[in-house]
Amino acid sequence: GAVVSQHPSWVICKSGTSVKIECRSLDFQATTMFWYRQFPKQSLMLMATSNEGSKATYEQGVEKDKFLINHASLTLSTLTVTSAHPEDSSFYICSARVQGPDTQYFGPGTRLTVL
Amino acid sequence: KQEVTQIPAALSVPEGENLVLNCSFTDSAIYNLQWFRQDPGKGLTSLLLIQSSQREQTSGRLNASLDKSSGRSTLYIAASQPGDSATYLCAVTYSGYALNFGKGTSLLVTP
């Protein structure tokens, strides 16, 4: 149980285009999902916290107009990287929080390469 | 911002050795602490989760301890194997919030 999926697992796009990444909790409902970013040889850094039905909360330094987050249901959150640039190339990982034990389950990640 | 520090940054050991990875955090008011494994280019695998009220957790050859008052945790790996080679991440959470990750310890176990 407690499986989180991400789609796509990798994507290559041209500079200036937009890319959407999906994060799904497959067998549980997640009121809160988190989006992290990991640059090469760096640790995971929180980008934003996404609560179902409300606007995402972004960490300092993360542009909310560039990284659009939608959490329309209890099992799906999406991250759209708008007007992507090469510096946005990174590994994006989502997690879904399970209340009660207050633990998080991580997706397998999406590797984005912007040419 | 809460800081999580992992020492050493990298470690190379011969197969069969027992080893200890260290994690420290600045704010001791944590809700829980997790150790993860990350293989190159891959996502995270949760190894052990220690709630703030617990002192340690064990799974197979892995044992993680938590000393909340001193802001420290250790991950002990017994009888290391080449398949243990990976980056090990320590992360703390403060109830309801996202995890704060350390930069990880890159482990190489040589045959």
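Same order as they appear, the protein sequences are chains L and E.
Using the numbering used here, you'd call the opening residue of the first sequence number 652 and step up by one each time.
Using the numbering used here, you'd call the opening residue of the second sequence number 7 and step up by one each time.
Virtual Cβ for every residue (Gly too), placed ideally from N, Cα, C.
* Closest Cβ-Cβ distance between residue 694 (chain L) and chain E: below 7 Å? -> With a threshold of 7 Å between beta carbons, residue 694 (chain L) makes contact with chain E.
* Leaving aside the five residues before and after residue 84 (chain E) along the sequence, list all residues of the same chain whose C-beta is less than 6 Å from its C-beta, in chain order. => 24 and 67.
* Could you please give the first and the last residue of the uninterrupted beta strand (DSSP E) stretch that includes residue 619 (chain L)? => Residue 619 (chain L) lies beyond the residue range present for chain L, which begins at 652 and ends at 766; the question has no answer from this structure.
* Asked: Taking all protein chains shown into account, do 16 or more other C-beta atoms lie within 10 angstroms of the C-beta of residue 739 (chain L), making it buried, or fewer, making it exposed?
  -> Residue 739 (chain L) comes out buried.
* List the residues of chain E whose Cβ lies closer than 7 Å to the Cβ of residue 755 (chain L), in chain order. => Contact annotation for residue 755 (chain L) against chain E: 105 [CB-CB distance below 7 Å, chain order].
* Expressed to the nearest angstrom, what Euclidean distance is found between the alpha-carbon atoms of residue 717 (chain L) and residue 61 (chain E)? -> Their Cα atoms are separated by approximately 42 Å.
* Around the C-beta of residue 711 (chain L), are 16 or more other C-beta atoms found within 10 angstroms, so that it is buried, or is it exposed? -> In this structure residue 711 (chain L) is exposed. Its beta-carbon is surrounded by fewer than 16 other beta-carbon atoms within 10 angstroms.
* **Interface partners of residue 679 (chain L) on chain E, CB under 7 Å** => Neighbours of residue 679 (chain L) on chain E: none; closest Cβ ~15 Å, over 7 Å.
* So who's on the other strand from residue 708 (chain L), going by DSSP bridges? -> Beta-bridge partners of residue 708 (chain L) (DSSP): L:700.
* **Strand pairing of residue 78 (chain E), partner residues [DSSP]** => According to DSSP, which records beta bridges pairwise, residue 78 (chain E) is partnered with E:30 and E:73.
* Asked: What three-state label does DSSP hand residue 659 (chain L) in the structure shown?
  -> Here residue 659 (chain L) sits in coil by DSSP.
* Report the three-state DSSP secondary structure of residue 737 (chain L) (helix, strand or coil). => In this structure, residue 737 (chain L) counts as helix in the three-state DSSP scheme.
* Leaving out five residues on either side along the sequence, give the residues of the same chain with a beta carbon under 6 Å from the beta carbon of residue 737 (chain L). => Take residue 737 (chain L), set aside five residues on each side of it, and the residues of its chain with a beta-carbon closer than 6 Å to its own are 765, in chain order.
* Asked: Does any C-beta atom of chain L lie closer than 7 Å to the C-beta of residue 74 (chain E)?
  -> In terms of beta-carbon proximity, residue 74 (chain E) stays away from the interface with chain L, with every pair separated by 7 Å or more.
* **Residues in the region 43–55 of chain E having any Cβ partner in chain L nearer than 8 Å** => Residues passing the 8 Å Cβ filter: 47, 48, 49, 50, 52 and 55.
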